[in-house]
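Number of protein chains: 2
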Amino acid sequence: MKLTATVQRCILHWGEMAGRWGVSRSVAQIHALLFLAPQPLTADEIAESLSVARSNVSVSLKELQTWDLVSVTHVLGDRRDYFQARKDIWEVLAMIMDGRKKREIDPTVQTLRECMAESKRDHETPEEVKERIATMLEFLEELSGWYDQVRGMPRPTVLKLMRMGTKVAKVIG
Amino acid sequence: MKLTATVQRCILHWGEMAGRWGVSRSVAQIHALLFLAPQPLTADEIAESLSVARSNVSVSLKELQTWDLVSVTHVLGDRRDYFQARKDIWEVLAMIMDGRKKREIDPTVQTLRECMAESKRDHETPEEVKERIATMLEFLEELSGWYDQVRGMPRPTVLKLMRMGTKVAKVIG
DNA sequence: TTTAAATTTCAGTCATTACTGAAATCACGG
DNA sequence: CCGTGATTTCAGTAATGACTGAAATTTAAA
Numbered sequence: 001m002k003l004t005a006t007v008q009r010c011i012l013h014w015g016e017m018a019g020r021w022g023v024s025r026s027v028a029q030i031h032a033l034l035f036l037a038p039q040p041l042t043a044d045e046i047a048e049s050l051s052v053a054r055s056n057v058s059v060s061l062k063e064l065q066t067w068d069l070v071s072v073t074h075v076l077g078d079r080r081d082y083f084q085a086r087k088d089i090w091e092v093l094a095m096i097m098d099g100r101k102k103r104e105i106d107p108t109v110q111t112l113r114e115c116m117a118e119s120k121r122d123h124e125t126p127e128e129v130k131e132r133i134a135t136m137l138e139f140l141e142e143l144s145g146w147y148d149q150v151r152g153m154p155r156p157t158v159l160k161l162m163r164m165g166t167k168v169a170k171v172i173g
Numbered sequence: 174m175k176l177t178a179t180v181q182r183c184i185l186h187w188g189e190m191a192g193r194w195g196v197s198r199s200v201a202q203i204h205a206l207l208f209l210a211p212q213p214l215t216a217d218e219i220a221e222s223l224s225v226a227r228s229n230v231s232v233s234l235k236e237l238q239t240w241d242l243v244s245v246t247h248v249l250g251d252r253r254d255y256f257q258a259r260k261d262i263w264e265v266l267a268m269i270m271d272g273r274k275k276r277e278i279d280p281t282v283q284t285l286r287e288c289m290a291e292s293k294r295d296h297e298t299p300e301e302v303k304e305r306i307a308t309m310l311e312f313l314e315e316l317s318g319w320y321d322q323v324r325g326m327p328r329p330t331v332l333k334l335m336r337m338g339t340k341v342a343k344v345i346g
């Protein structure tokens, strides 16, 4: 499948951003391709379009599926898997945020809890330091709880809140 | 400087998270150390505490300063630089979010704008695809603007909003 | 059950990034 | 402006992570 210049540019940029986003270049490029593609693509088509090894595509698609960003479909009379990406950009962001929270925040909260417990019978560590750890743990837990609450809201509500911007602050005084 | 077991544990965890956060292990460890340290430290103390090369500390501290997470102080009659980290966890998060926005979102908005402009005189790319790019650009711009608004609010207001949780939605109907 | 297409696994290679240590530079006191 | 201590630069090396391609496995039609 030949890609148009505009599409290529997007895919390449996505790939360049990959490092900063904590995924490999291939994963990002494949996601960009599937996100833009009008119809689902087979793994072979993806490999050819992006000039990467077929096996690389396989692994990358697995990762995109663990992020819940890509799913598999089939066409009648064709044994091959067809892959498609979530097209709703809002959902895409939500999936990425969920993933980041799970991978970046949750393990840290876990570790900090253990550190707190451990520090109970630890008489070397200065109180000040223990307190700093405690504060940080509280903060992360509060943030985490807040995120879950917002995630639980219906999307139009969140959008409305966002669109009100600073006005919300005035309304609630 | 000898580190207590609890402190060590925190620093090591921070280091392990580093990859996912898009910084090097050293940068993360140094940040953790300075964040927990009761008083500012010299580069040499840091290098020794963490067993990393002095030059590595130098480079890492530079990076932490570009993130506005670490600053330099001095003590009278001592030519050495003393480094301290922001202790306010809220501020720390804000700095990290600012940095991520600047490095991850802003360049993407920029590129998408260019793609849009380019796609005007591009007759190969299907309308559907162009539209998808446009939608994503709009979304990122809206998100970006919203973030700036919230960043501009006084901290107590944001905290109040967060603590209200889902109640906000009910208040504004 | 056989066969062939489709997919995945994995060991090895390649590329990238992080880190070290020596040498160069800077900054200040004398 | 010389000398000493502090800091930075940078070339080389080490460590890490990504990618390839061949072999193994799975899947389903015949």
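Chain order of the listed sequences is A and B. Note that the first sequence covers residues 1 to 173 in my numbering. Note that the second sequence covers residues 174 to 346 in my numbering. By construction, the Cβ of each residue, glycine as well, lies at the ideal position given by its N, Cα and C atoms.
- Under the three-state reduction of DSSP output, valine 282 (chain B) falls in the helix class.
- Counting the other Cβ atoms within 10 Å of the Cβ of valine 200 (chain B) gives 16 or more, which makes it buried.
- With its beta carbon less than 7 Å from one in chain A, proline 211 (chain B) belongs to the interface.
- In the structure shown, threonine 246 (chain B) falls within a strand segment according to DSSP collapsed to helix, strand and coil.
- Nearest Cα to isoleucine 184 (chain B) within the set B:Glu291, B:Pro327, B:Ile219 and B:Cys288: B:Ile219.
- The count of Cβ pairs closer than 8 Å, one atom from the stretch 177-195 of chain B and one from the stretch 325-345 of chain B, stays below three, leaving the stretches out of contact.
- Across the structure, aspartate 148 (chain A) and leucine 266 (chain B) are spaced so that their CA atoms are roughly 18 Å apart.
- DSSP, reduced to helix, strand and coil, places glutamine 212 (chain B) outside both helices and strands of the structure shown, so it counts as coil.
- In the DSSP annotation of this structure, the continuous segment of the alpha helix (DSSP H) that includes alanine 178 (chain B) starts and ends at 178-194.
- Here alanine 258 (chain B) is bridged, per DSSP, to B:Val243.
- Here methionine 97 (chain A) is not near leucine 69 (chain A), since their CB atoms are 7 Å or more apart.
- Proximity of chain A to glutamine 322 (chain B) at the Cβ level (cut-off 8 Å) is accounted for by Gly165 and Thr166, in chain order.
- Between the stretch 34-54 of chain A and the stretch 71-90 of chain A there are three or more C-beta pairs closer than 8 Å, enough to call the two in contact.
- Any Cβ of chain B closer than 7 Å to the Cβ of phenylalanine 139 (chain A) would place that residue at the interface, and such an atom is present.
- Serine 119 (chain A) is classed as buried because its beta carbon has at least 16 other beta carbons within 10 Å across all chains shown.
- Here the alpha carbons of valine 225 (chain B) and proline 156 (chain A) stand approximately 50 Å from one another.
- Beyond the five residues adjoining it in sequence on each side, methionine 116 (chain A) comes within less than 8 Å, by CB distance, of Lys130, Ile133, Ala134 and Leu137 in the same chain, given in chain order.
- Taking 7 Å as the CB threshold, histidine 186 (chain B) lines the interface with chain A.
- Bounds of the alpha helix (DSSP H) holding methionine 164 (chain A) are 155-164.
- Comparing alpha-carbon positions, the option among B:Arg193, B:Pro211 and B:Ser197 lying closest to methionine 174 (chain B) turns out to be B:Pro211.
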